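Note sheet for the following structure.
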Amino acid sequence: DQQVKQNSPSLSVQEGRISILNCDYTNSMFDYFLWYKKYPAEGPTFLISISSIKDKNEDGRFTVFLNKSAKHLSLHIVPSQPGDSAVYFCAATLTTSGTYKYIFGTGTRLKVLA
Amino acid sequence: DVKVTQSLRYLVKRTGEKVFLECVQDMDHENMFWYRQDPGLGLRLIYFSYDVKMKEKGDIPEGYSVSREKKERFSLILESASTNQTSMYLCASLGGTNEKLFFGSGTQLSVL
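First to last, the protein sequences are chains A and B.
At position 26 of the first sequence (counting the first as 1) the number is 22 in our numbering, and the numbers step up by one without a gap.
Every number in our numbering is 497 more than the matching position in the second sequence, counting from 1.
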């Protein structure tokens, strides 16, 4: 049962335009949502996060939006740059009985075309 | 910055061999995790540990075991490797509730 879903396996965007990556989830008990970026042959690196009590968080070119009623979050990258080409994973955290788990989506491969 | 070290970048093993993957973190983090990454399946949690000698099964623990004898070190063991365990293995550590995970650079394991 995939609790965090990224339904678009890939996305291509022209340099300078907006990239929008989407993520859906099923568990309303998630505490935080995060986005990670992964280049080939490297580990994922943290990009941006949002608490479940917020609906927007912005950091430079990156903004994450959370729509709790739709159980949907999105990552906006404006403007997109060729160096943003990578696989993006959304993740959600769940705290149960004093331990916490990170649950990742399947990833979206973003290609920014110069 | 936090450093999570997986010293092996690539590893080739034969079916039935024992595989030992080691992960070391330098930030005194309590929580450590092992994931595997497969195309189209994302990152799937194998095991995690929230303290020394403590471990919890993740979503896909079958065929794996772990060891956490020291706080900084979390090892993943494949007692008898199989071809379906060919994958990228990623270790991560976490300092506290809802903080970000720090990942190692991963080990690409091929089981022939």
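Note that CB positions come from ideal geometry on N, CA and C, so glycine has one too.
Computed from a prediction, not measured in an experiment: that's the story for all the values here.
Check, Outcome
"Less than 9 Å between CB atoms is the rule here; does Ser45 (chain A) satisfy it with respect to chain B?", "yes"
"Determine the closest residue to Lys33 (chain A) out of B:Lys567, B:Tyr544, B:Leu606 and B:Ser602, with distance taken between C-alpha atoms.", "B:Ser602"
"Is there at least one Cβ from chain B nearer than 9 Å to Glu38 (chain A)'s Cβ?", "yes"
"Confirm, please, whether the CB-CB distance from Val9 (chain A) to Leu109 (chain A) is below 9 Å.", "yes"
"Does DSSP classify Val548 (chain B) as helix, strand or coil?", "The amino acid at residue 548 (chain B) is misidentified as Val; the sequence shows Asp. Strand."
"So Gly601 (chain B) contacts chain A; which residues on that side make the cut at Cβ distance below 8 Å?", "Gly39"
"Within the stretch -1 to 24 of chain A, note down every full beta strand (DSSP E) run reaching 3 residues or more, in order along the chain.", "6 to 10 and 15 to 21"
"In whole angstroms, what separates the C-alpha of Ala87 (chain A) from that of Phe29 (chain A)?", "6 Å"
"Quick check on the DSSP output: what are the complete beta strand (DSSP E) runs of length 3 or more inside the stretch 47 to 92 of chain A, in order along the chain?", "52 to 55, 58 to 63, 68 to 73 and 82 to 92"
"For Gly103 (chain A), decide whether its Cβ has a neighbour in chain B, counting only Cβ atoms nearer than 9 Å.", "yes"
"Please say whether Gly555 (chain B) and Phe530 (chain B) have beta carbons closer to each other than 9 Å?", "yes"
"With three or more C-beta pairs closer than 8 Å as the rule, is the stretch 95 to 104 of chain A touching the stretch 46 to 62 of chain A?", "no"
"Where does Thr502 (chain B) sit, in a helix, a strand or coil, going by DSSP?", "strand"
"From what residue to what residue does the beta strand (DSSP E) around Asp525 (chain B) run?", "Note, Asp525 (chain B): premise wrong, no beta strand (DSSP E); not H, not E."
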